[in-house]
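**Student:** Got a structure for you, questions after.
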Amino acid sequence: MSEISNPKHIVESLGSSHYKWGFETNIEMDIAPKGLNEEIIRLISRRKEEPAWMLAWRLDALKTWQAMKEPTWAKLTYSPIDYQDLHYYAAPRRKASPKSLEEVDPELLRTYEKLGIPLREQMILAGIESADVERVEGETEGEKEGFQRSSVAVDAVFDSVSVATTFRETLQKAGVIFCPISEAVRDYPDLVRRYLGSVVPVGDNFFAALNSAVFTDGSFVYVPKGVTCPMELSTYFRINARNTGQFERTLIIVEEGASVSYLEGCTAPMRDENQLHAAVVELVALEGAFIKYSTVQNWYPGDEKGRGGIYNFVTKRGACRGARSRISWTQVETGSAVTWKYPSCLLQGEGSVGEFYSIAVTNNYQQADTGTKMIHIGRHTRSTIIAKTISAGHSESTYRGLVRILPKASGARNFTQCDSLLIGDQCGAHTVPLIESRHRTAKIEHEATTSKISEDQLFYCRQRGLSEEEAIGLIVNGFCRDVLKELPMEFAVEAQKLLQISLEGSIG
Amino acid sequence: MSQLLEIVDLHAHVIADEQEKQILRGVSLSIPPGEVHVVMGPNGSGKSTLSYVLAGCDAYKITSGRVMFRGQNLLAMKPEERAALGLFLAFQNPVELPGVNNAHFLRMAVNAVRRQRGQEELDAVAFLKQARKVIETLSMAPDMLKRAVNVGFSGGEKKRNEVLQMTLLEPCFAILDETDSGLDVDALRVVAEGVNRLRSAEFSALVITHHQKLLEYLVPDRVHVMANGQMILSGGIDLARQIDQEGYVHVMKGASTCLK
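Protein chains in written order, with this note's numbering: chain A, 1 to 508; chain B, 1001 to 1260.
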């Protein structure tokens, strides 16, 4: 077969843009003037009707941020961001906070329809709160999947504000709090004050400090002791306004023996200029708690020439505070012009478990520098890292990981697997794993592979009747299988389609 | 009777290390519907190239000649269109597709050709039922469907997997590229029976082989000898027996005398 193994026909991307979420919604907006200063922070805090302590916290974060420098260590190249040339607050104009969806701007609801927020959620968004809606039929690997009934509660964040949160009553009955964080600041100040910034301190890094000063909305989740959250929780983030940054803040607290599965999805309009997204996510898992956090990141990646797209600088970290607690991050990263993101776990509790499953797809001129940090603090802590990187076009993708075993973490274990798949010969994949072990009983494994989709594989699939794009989708999905199976079923189906769309036109 | 496949004076080369290497130097061959033809020949005679060119592998450049398949210009079609039209190639070395479930792959393939043929797609249940039936007749392990395509398969398992795909895709013309190489007698019989089961007035095959052994189970209608990029001899089963006893060199010497 060597005679056909030369992949010279796999050429640079022809990729016309296939980003179908790139529309703009024309609704009345309430926008703060450009610039970042104390006055703007006060304005945000006022708009959010925040208590004094929250404003003080923000102002403190602003001071911290002003003394910090933007990090340059990532393998990313982008034009400088003028932080004074951005709007830090943009909200759809409306009456007080909407109690029901009838109060939500119909244009906004149409937006969610266009975003393809699954049917069941639209029904819920349409106000059929108690509807028990059929789950999407999941079909994997030729095995028959039965229909199952489940439901998903949704929080929708449009630019700077949360516009709708569904299923709140059902969740309340179980004792679960799921609401916009701006509301939690007012309604559950004790919980928020206790945990906000406890996992990602204000001065943790440049972007976290920025977020702490200006964050506008995001989701808050609290699951009380012993409660298994009765449904998937999900937040859709949407950047719409021009020259506006999105700075959402998510805080999830899961008490002893409780568990929750949370999913976030994100999209943005197609624009020629770059837009900034700097989020912070903090997770706290107490004794025996389990948090599953899944992300399908599909911010606008820019066009085939590399114009426009989102700058995505995100700090995500979970603390396994209690013994035997477990935090599992799963991410499918297909969007953004630039991604800087390292969902991490602080494994404090004895026997706690951290997991990171990642698929990062870059095409055209996208750049991604992503990975994880697993900090083993407690005894017998375990972590698993499976990172799949797919690069096409002229893109650059870096896996950056840290596994640190601290002196008290006896019996700690880590398994890391990093696989890169290259499509064409104009892209790059890089792996930067750092391992620090300060306990002799630690057991750390690291595996890494780099491969290409070969002409042989494509020809084999096409000889069996598949089109070239079906073949690429199939091979890429096979490559990502270990990660896709970690996603909640309905989102796995979405993610598989997304992978295919992201790579359309990547082979000439 | 019109031909199912008609190859006329086909020339093709491959570009390796920036040099053109002529491999097919005027191949002509006709296969009517319902017939099994065997192509034998020494290593490097162009047999595998012929099968790749027919299947549409674009690593080869066709310089002249034409190929008609079911009355259509085969060379103008994409590989997947040829597959949909009923051409199947059982690969000499089937590639591995890591992480791709075999059943999923098979069903995608079957439905892709059914779609192109204007047939209704099979749902998971109907497909699995059919696949399991074929697996049994090929004495394949049932877990074969659950494993990744060809990953960790033994040589024999890979070849059986090719026969499984051939059976499910219902081609009207199959090319078997040394499907018998490296197989023990039992596996050989399974492969031959797999082909025999498809034999009908609507099914033809081009079987590339080195060995007389396969032909004991798979009795061909015609035998061709290929050398140096051309078909130099054609005959019945006796020709294969003669090659087996006397070797290519002797038989080909006779051929060149005949050609004079």
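The C-beta atom is built at its ideal place from N, Cα and C for all residues, glycine as well.
(1) May I ask you to list, following chain order, the residues of the segment 1153-1177 of chain B that have a beta carbon less than 9 angstroms from some beta carbon of chain A?
(2) Report yes or no: is there a C-beta of chain B within less than 7 angstroms of the C-beta of D425 of chain A?
(3) Give the residues of chain B in contact with E455 of chain A, contact being defined as C-beta atoms less than 9 angstroms apart.
(4) Closest Cβ-Cβ distance between L1018 of chain B and chain A: below 7 angstroms?
(5) Once the 5 residues before and after V176 of chain A are set aside, which same chain residues still bring their CB inside 6 angstroms of it?
(6) With respect to the beta strand (DSSP E) encompassing I405 of chain A, which residues constitute its N-terminal and C-terminal limits?
(7) Taking Cβ-Cβ distances shorter than 9 angstroms, what residues in chain A pair up with M1226 of chain B?
(8) I'd like to know whether the C-beta atoms of F215 of chain A and F247 of chain A end up nearer to each other than 7 angstroms.
(9) Mind pulling the chain B residues with CB within less than 8 angstroms of I475 of chain A?
(10) Counting Cβ pairs, one atom from each stretch, are 3 or more of them under 8 angstroms apart for the segment 1183-1198 of chain B and the segment 1013-1021 of chain B?
(11) If we ignore side chains and look at the alpha-carbon of each, how far apart do H87 of chain A and D425 of chain A end up?
(12) What is the rounded straight-line gap between the Cα of T384 of chain A and the Cα of K48 of chain A?
(13) Using a cut-off of 7 angstroms between C-beta atoms, extract the partners of S467 of chain A located in chain B.
(14) Is G226 of chain A close to chain B, meaning its C-beta is less than 7 angstroms from at least one C-beta of that chain?
(15) Can you give me the start and stop residues for the alpha helix (DSSP H) that E1136 of chain B sits inside?
(16) Where W73 of chain A and W299 of chain A are concerned, what is the direct C-alpha to C-alpha distance, given to the nearest angstrom?
(17) With a threshold of 7 angstroms between beta carbons, is A1012 of chain B in contact with chain A?
(18) Does A1083 of chain B have its Cβ less than 7 angstroms from a Cβ in chain A?
(19) Is it buried or exposed, Q331 of chain A, if we count other Cβ atoms within 10 angstroms and call 16 or more buried?
(20) List the whole-angstrom C-beta distance separating V1207 of chain B from L1176 of chain B, where the pair is believed to meet the contact cut-off of C-beta under 8 angstroms.
(21) Mind reading off the beta-carbon distance from A429 of chain A to T389 of chain A? Whole number of angstroms is fine, and I expect it under 8 angstroms.
(22) Taking 7 angstroms as the threshold (beta carbon to beta carbon), is Y460 of chain A in contact with chain B?
(23) Confirm, please, whether the CB-CB distance from V199 of chain A to V280 of chain A is below 7 angstroms.
(24) Helix, strand or coil: how does DSSP classify V11 of chain A here?
(25) Distance, Cα to Cα, F491 of chain A vs A1126 of chain B?
(26) Compare the C-beta of L503 of chain A with all C-beta atoms of chain B and state if any pair is closer than 7 angstroms.
(27) Would L1089 of chain B count as contacting chain A if we go by Cβ distances under 7 angstroms?
(28) Determine the contact status of G1099 of chain B and F479 of chain A, defining contact as a CB-CB distance below 7 angstroms.
(29) Which residue's Cα is closest to the Cα of S234 of chain A: A:T244, A:G288, A:G218?
(30) Answer with buried or exposed for N205 of chain A, where buried requires no fewer than 16 other C-beta atoms within 10 angstroms of its C-beta.
(31) Since E287 of chain A and G322 of chain A should fall inside the 8 angstroms C-beta cutoff, what is the C-beta to C-beta distance between them, to a whole number of angstroms?
(32) Below 8 angstroms, can you find three or more Cβ-Cβ pairs linking the segment 1168-1183 of chain B to the segment 1105-1117 of chain B?
(33) Kindly say whether V1113 of chain B, judged by its beta-carbon, lies nearer than 7 angstroms to any beta-carbon of chain A.
(34) So if DSSP puts F207 of chain A in a beta bridge, which residue, or which two residues, is it bridged to?
(35) Any idea what DSSP makes of R317 of chain A, helix, strand or coil?
(36) In whole angstroms, what is the alpha-carbon distance linking T283 of chain A and F290 of chain A?
**Tutor:** For this structure:
(1) Residues passing the 9 angstroms Cβ filter: Q1165, L1169.
(2) Indexing the first sequence from 1 puts residue 425 of chain A at position 425. Interface criterion not met: the Cβ of D425 of chain A is under 7 angstroms from no Cβ in chain B.
(3) Working through the first sequence from its first residue, we reach residue 455 of chain A at position 455. Result: C1057, D1058, A1059.
(4) Working through the second sequence from its first residue, we reach residue 1018 of chain B at position 18. Here the sequence assigns Glu to residue 1018 of chain B, which means Leu is not the residue at that position. Not an interface residue.
(5) On the first sequence, residue 176 of chain A is found 176 positions in, with the first residue counted as 1. Here the set comprises V223, C229.
(6) As a working note, residue 405 of chain A is residue 405 in the first sequence. 396-405 is the extent of the beta strand (DSSP E) around I405 of chain A.
(7) As a first step, residue 1226 of chain B must be located in the second sequence, where it is residue number 226. Near M1226 of chain B there are no residues of chain A at all, since even the closest Cβ is about 17 angstroms away, more than 9 angstroms.
(8) Sequence index remark: in the first sequence, residue 215 of chain A carries index 215 (1-based). Sequence index remark: in the first sequence, residue 247 of chain A carries index 247 (1-based). Their beta carbons are under 7 angstroms apart, which means F215 of chain A touches F247 of chain A by this criterion.
(9) Within the first sequence, residue 475 of chain A is the residue found at index 475, counting from 1. In chain order: L1097, V1100.
(10) The segment 1183-1198 of chain B and the segment 1013-1021 of chain B do not touch, with fewer than 3 CB-CB distances between them shorter than 8 angstroms.
(11) As a working note, residue 87 of chain A is residue 87 in the first sequence. As a working note, residue 425 of chain A is residue 425 in the first sequence. For H87 of chain A and D425 of chain A, the distance between alpha carbons rounds to 39 angstroms.
(12) Here residue 384 of chain A is taken as the residue at index 384 of the first sequence, counted from 1. Here residue 48 of chain A is taken as the residue at index 48 of the first sequence, counted from 1. Rounded to the nearest whole angstrom, the C-alpha separation of T384 of chain A and K48 of chain A is 39 angstroms.
(13) Residue numbering aside, residue 467 of chain A sits at position 467 when the first sequence is read from its first letter. Within chain B, the residues near S467 of chain A are E1080.
(14) Residue mapping note: residue 226 of chain A aligns to position 226 of the first sequence, counting from 1. Closer than 7 angstroms: no.
(15) Your numbering for residue 1136 of chain B matches position 136 in the second sequence. Taken as a continuous stretch (DSSP letters only), the alpha helix (DSSP H) holding E1136 of chain B covers 1124-1137.
(16) Indexing the first sequence from 1 puts residue 73 of chain A at position 73. Indexing the first sequence from 1 puts residue 299 of chain A at position 299. Looking at the two C-alpha atoms, the distance is approximately 23 angstroms.
(17) The sequence position of residue 1012 of chain B within the second sequence is 12, counting from 1. No, because no Cβ of chain A sits closer than 7 angstroms to the Cβ of A1012 of chain B.
(18) The residue given as residue 1083 of chain B occupies position 83 in the second sequence. A1083 of chain B counts as touching chain A.
(19) Counting from one through the first sequence, the residue named residue 331 of chain A turns up at place 331. Buried, since its Cβ has 16 or more Cβ neighbours within 10 Å.
(20) Along the second sequence, one-based indexing puts residue 1207 of chain B at 207. Along the second sequence, one-based indexing puts residue 1176 of chain B at 176. Right, their Cβ atoms sit about 5 angstroms apart.
(21) One-based indexing of the first sequence puts residue 429 of chain A at position 429. One-based indexing of the first sequence puts residue 389 of chain A at position 389. Indeed they touch by this definition, with Cβ atoms about 5 angstroms apart.
(22) Walking along the first sequence from the start, residue 460 of chain A turns up at place 460. For Y460 of chain A, the answer is yes, since a Cβ of chain B falls inside 7 angstroms of its Cβ.
(23) Stepping through the first sequence from its first residue, residue 280 of chain A is reached at position 280. Stepping through the first sequence from its first residue, residue 199 of chain A is reached at position 199. No, these two residues do not count as a Cβ contact at 7 angstroms.
(24) As a position in the first sequence, residue 11 of chain A is number 11, starting the count at 1. Residue confidence is low: V11 of chain A scores 28 on pLDDT, short of 50, so the model does not pin down where it sits. Its coordinate-derived value is still stated next. Here DSSP, grouped into helix, strand and coil, assigns V11 of chain A to coil.
(25) The residue you call residue 491 of chain A lines up with position 491 of the first sequence. The residue you call residue 1126 of chain B lines up with position 126 of the second sequence. Straight-line Cα distance between these residues: approximately 26 angstroms.
(26) Start at 1 with the first residue of the first sequence, and residue 503 of chain A comes out as number 503. Answer no: the Cβ-Cβ gap between L503 of chain A and chain B never drops below 7 angstroms.
(27) In the second sequence, the residue the question calls residue 1089 of chain B occupies position 89. At least one CB atom of chain A sits nearer than 7 angstroms to the CB of L1089 of chain B.
(28) Position 99 of the second sequence holds residue 1099 of chain B. Position 479 of the first sequence holds residue 479 of chain A. Between G1099 of chain B and F479 of chain A, the C-beta spacing is below 7 angstroms.
(29) Reading the first sequence from its first residue, position 234 is the one you call residue 234 of chain A. Considering only alpha carbons, the answer is A:G218.
(30) Looking up residue 205 of chain A in the first sequence gives position 205. Buried: at least 16 other Cβ atoms inside 10 Å.
(31) For the purposes of this step, residue 287 of chain A is identified with residue 287 of the first sequence, where counting begins at 1. For the purposes of this step, residue 322 of chain A is identified with residue 322 of the first sequence, where counting begins at 1. Contact between E287 of chain A and G322 of chain A is confirmed by a C-beta separation of about 3 angstroms, below the 8 angstroms threshold.
(32) Contact between the segment 1168-1183 of chain B and the segment 1105-1117 of chain B is present: three or more C-beta pairs spanning the two stretches fall below 8 angstroms.
(33) To locate residue 1113 of chain B, count along the second sequence from 1; it is residue 113. Judged by the 7 angstroms Cβ criterion, V1113 of chain B is in contact with chain A.
(34) As a position in the first sequence, residue 207 of chain A is number 207, starting the count at 1. Beta bridge pairing from DSSP links F207 of chain A with no other residue.
(35) What you label residue 317 of chain A is simply residue 317 of the first sequence in a count that begins at 1. Judged by DSSP in its simplified three-state form, R317 of chain A adopts strand.
(36) The residue labelled residue 283 of chain A in the question sits at position 283 within the first sequence. The residue labelled residue 290 of chain A in the question sits at position 290 within the first sequence. Correcting the residue identity first, residue 283 of chain A is Leu in this sequence and not Thr. C-alpha separation (whole angstroms): 10 angstroms.
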